[in-house]
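Counting along the sequence shown from 1, when you hit position 194 you're at 194 in full-length UniProt numbering, and nothing is skipped either side. Worksheet: one structure, shown below.
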Amino acid sequence: MPDVIIIGLGPAGASAAIYLCRANRRALLVGKDFGALQKAEKIENYFGLEEPISGEALAHRGLEQARSLGAEILFSEALDLSWEPDGFRLLTGEGEASAPCVILATGASRRTLPIPGLAALEGHGVSYCAVCDAFFYRGRSVGVLGAGDYALHEAAHLLPVAGGVTLFTNGAPVPEGMDPRLSAVTEPLASLVGEEQLSSVRLADGREVPVEGLFVALGSAGAGDFARKLGAEVKNGSIVVDDSMQTAVPGLFAAGDCTGGLLQVSTAVGDGARAAMGVLRYLREAGK
Ligand SMILES: Cc1cc2nc3c(=O)[nH]c(=O)nc-3n(C[C@H](O)[C@H](O)[C@H](O)COP(=O)(O)OP(=O)(O)OC[C@H]3O[C@@H](n4cnc5c(N)ncnc54)[C@H](O)[C@@H]3O)c2cc1C
């Protein structure tokens with residue numbers, strides 16, 4: 001079992017792994033791609049670069065540095081994170097892993113849609129966490145917005161509780177292997193309808209599908225989704241951490257863009273180092 005699971009292969013995650021491995025701790029780094037750096041054509045404001053370098057090349061260097069120091073690297077999507085008496089349990093597309101500590105380093109997540117009504121109905125029918133809110137919709141018709149593995153995972157949480165679950169793919173094809181108990185609507189969404197509470201989803205072709213809850217699960221789960229599920233505070237989209245980058249949940253740390261702030265490579269690297277020091281202290285004090 002690793003001492004720590006780090007979700008995210010960007011500068012925050014790789015930096016944390018480097019510090020942890022050099023302290024002789026076993027770190028499992030899990031990520032699905034190179035995150036924000038994958039989109040950065042050129043980085044030239046990071047310390048030590050004689051020449052500008054592509055974001056992807058810089059991310060690759062950091063990851064190889066972590067690997068060379070002993071980090072285990074798993075390229076896979078993180079689907080669910082839960083807490084059990086013996087530690088945290090991570091479900092990925094490739095299987096499960098457990099550890100006494102987790103560092104969330106999944107970058108900034110902006111996975112929402114500019115659909116009229118969506119922002120106004122957040123907390124009034126629009127939710128981002130099936131595990132947290134499914135209970136409020138027992139026996140009622142709900143929707144899940146998304147078409148990937150994460151959306152299917154959220155729908156699986158809702159199926160035993162809700163009266164009916166519709167997957168709104170917003171123009172994407174129906175995912176392969178979808179649970180036959182789900183109904184699917186592929187027409188793009190035009191708006192959400194409801195005064196004080198969501199009552200239906202209006203589609204681009206003018207049809208309305210009545211739902212009392214809509215669970216947004218676009219793309220992959222982000223750090224905020226995992227943090228919320230475990231009871232950590234998320235404020236204005238950023239995870240709230242203390243000086244050692246620990247959330248209010250013991251053993252759950254966060255670093256980099258997912259904690260807000262400057263959103264730069266330099267701050268993400270620093271956050272990763274601080275989270276690693278926090279993890280080392282946490283493990284020491286827990287006698288692990
Ligand atoms: C176009 C662009 C240009 C930029 N230019 C600069 C610049 O010039 N200088 C600078 O300092 N900064 C720049 N930045 C910002 C910089 O890239 C980020 O601040 C930095 O990468 C944040 O690091 P991070 O480790 O927090 O997150 P990221 O680098 O975003 O890494 C997030 C990691 O989490 C993983 N992940 C997310 N969700 C999941 C999931 N569900 N399952 C598995 N893995 C998951 C991703 O695959 C990725 O590995 C730029 C960003 C962009 C988008």
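Ideal Cβ positions, reconstructed from N, Cα and C, are used throughout, including at glycine. Just so you know, these numbers come straight off a predicted model, no measurement behind them.
For F135, is the beta carbon positioned less than 7 Å from some heavy atom of ligand 1? For ligand 1, not one heavy atom lies less than 7 Å from the Cβ of F135.
Hey, could you find the ends of the alpha helix (DSSP H) V131 is sitting in? From DSSP, the alpha helix (DSSP H) with V131 extends over A130 to D133.
Out of curiosity, what's the CA-to-CA distance linking A12 and R202? Within the model, the alpha-carbon separation for A12 versus R202 is close to 40 Å.
Would you report the Cα separation of P210 and L81, rounded to the nearest angstrom? Rounded to whole angstroms, P210 to L81 spans 31 Å at the Cα level.
Please state the DSSP three-state secondary structure of R202. R202 carries a strand assignment under DSSP once its states are collapsed to helix, strand and coil.
Taking the alpha helix (DSSP H) that I18 falls in, what are its first and last residues? Residue range P11 to R22 is occupied by the alpha helix (DSSP H) that includes I18.
Is the beta carbon of T106 within less than 7 Å of some heavy atom of ligand 1? Yes, since a heavy atom of ligand 1 falls inside the 7 Å radius drawn around the Cβ of T106.
Three or more C-beta pairs below 8 Å linking the segment 215 to 233 and the segment 70 to 79: At 8 Å Cβ cutoff, the stretches touch.
What is the residue span of the beta strand (DSSP E) that residue 298 lies within? Residue numbering for the chain in the displayed model covers 1 to 288; residue 298 lies beyond these limits and cannot be assessed.
Any heavy atom of ligand 1 within a distance shorter than 7 Å of the CB on F215? Look at F215: its beta carbon is at least 7 Å from all of the heavy atoms in ligand 1.
CB D271 to CB A255, shorter than 8 Å? Contact flag set, yes.
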